[in-house]
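What the sequence shown shows, in my numbering, is residues 20 to 258, in sequence order.
By construction, the Cβ of each residue, glycine as well, lies at the ideal position given by its N, Cα and C atoms.
All of these numbers come straight from a predicted model, not from anything done at the bench.
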Amino acid sequence: MQNRDRKLSCNFVKTFTMKGLNSLLRQMDLAQLFEARRNLYQFLLRMFHGPLDQKWLDAILEFGDVGGLGELGNGGADLQDFFKGNPCLKKEAREFSRLFIGPGTLPVPPWESFYRSCEQMLFDDVMYGVREHYHREGLQFVRENNEPDDHLAVELEFMLHLIVKGIQAKENEELFRNLEKQRGFLDVHLAQWIGAFGKRLAHSTDSKLYKGAALLAADFIASDLDFLNELVEGLSHAG
20 MQNRDRKLSC NFVKTFTMKG LNSLLRQMDL AQLFEARRNL YQFLLRMFHG
70 PLDQKWLDAI LEFGDVGGLG ELGNGGADLQ DFFKGNPCLK KEAREFSRLF
120 IGPGTLPVPP WESFYRSCEQ MLFDDVMYGV REHYHREGLQ FVRENNEPDD
170 HLAVELEFML HLIVKGIQAK ENEELFRNLE KQRGFLDVHL AQWIGAFGKR
220 LAHSTDSKLY KGAALLAADF IASDLDFLNE LVEGLSHAG
């Protein structure tokens with residue numbers, strides 16, 4: 020990934036959360052916006068897929084706009100403090116396991132159905148709804164029927180998949196259908212629970228890395244849904 024694209028992701032969130040769509044579009048064309056969204060989802064996926072390793076830390080410090088993170092709300096400020104400090108990756112790896120893997124009761128379960136089912140049950144109707152979105156795209160969770168399909172990292176990866184397909188779209192109609200899929204998945208699933216997840220995580224850890232990533236994810240995904248709503252509506256009227 021090129022230097023420009025990595026910096027663009029931070030600039031995108033800062034601009035997007037503070038200004039309206041028309042102002043934003045004057046600064047970036049749609050291709051830049053889609054690339055920036057891809058980079059943000061890729062960053063968030065890396066935060067919640069597994070413990071941060073030295074390779075990714077070095078890449079973020081070399082190519083990322085760490086100095087701009089402080090302008091992205093409380094989550095960005097926490098991440099800026101983390102990356103500008105002297106991170107202990109072993110400590111963060113232990114914290115990742117405590118929060119999301121176990122053993123023992125997880126302080127912050129990373130599955131959508133935990134936050135949306137009446138009895139905090141996994142493998143319920145919410146999860147099967149997520150699975151349907153995957154299957155309609157010809158995708159299948161590699162641990163289907165063994166682990167819940169609605170893990171945060173898997174949902175972020177699915178959004179990343181849709182965004183990449185949108186970037187590759189050849190025709191306007193193909194792009195429009197893709198954007199509707201992105202909006203639909205955020206509206207029905209990811210945006211419905213990321214706020215509760217972020218709040219729970221923020222109260223369950225002192226890690227600036229994971230607290231910051233959770234708060235940034237909640238802010239960004241809510242803003243991204245607003246962006247997609249405006250964009251899809253605008254394109255439908257233009258068509």
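* Distance between M146 and D169 (C-alpha atoms, nearest Å) -> 6 Å
* To do: Would you kindly check if the distance between the Cβ of R57 and the Cβ of I182 is under 8 Å?
  => yes
* Asked: From E193, M66, F62, pick the residue whose C-alpha is nearest to that of P129; which is it?
  -> M66
* Asked: Expressed to the nearest angstrom, what Euclidean distance is found between the alpha-carbon atoms of S136 and L254?
  -> 35 Å
* To do: Take the Cβ of P126 as the centre, count every other Cβ of all protein chains shown within 10 Å, and call the residue buried at 16 or more, exposed below.
  => exposed
* Integer Cβ distance of S226 from E111, believed to fall under 8 Å -> 6 Å
* **Length of the line joining the Cα atoms of D245 and G203** => 12 Å
* Taking E252 as the reference, which of Y229, F195, S242, L228 has the closest Cα? -> F195
* **Straight-line gap, L205 to W212 (C-alpha atoms, nearest Å)** => 10 Å
* H208 by DSSP, collapsed to three states: which one? -> helix
* Pair every Cβ in the stretch 98 to 108 with every Cβ in the stretch 118 to 125, then say whether three or more of these pairs are closer than 8 Å. => no
* DSSP three-state call for H170: helix, strand or coil? -> strand
* To do: Could you tell me how far apart the beta carbons of Q201 and L171 are, in whole angstroms, since I believe they sit closer than 8 Å?
  => Not really, about 17 Å apart at Cβ, beyond 8 Å.
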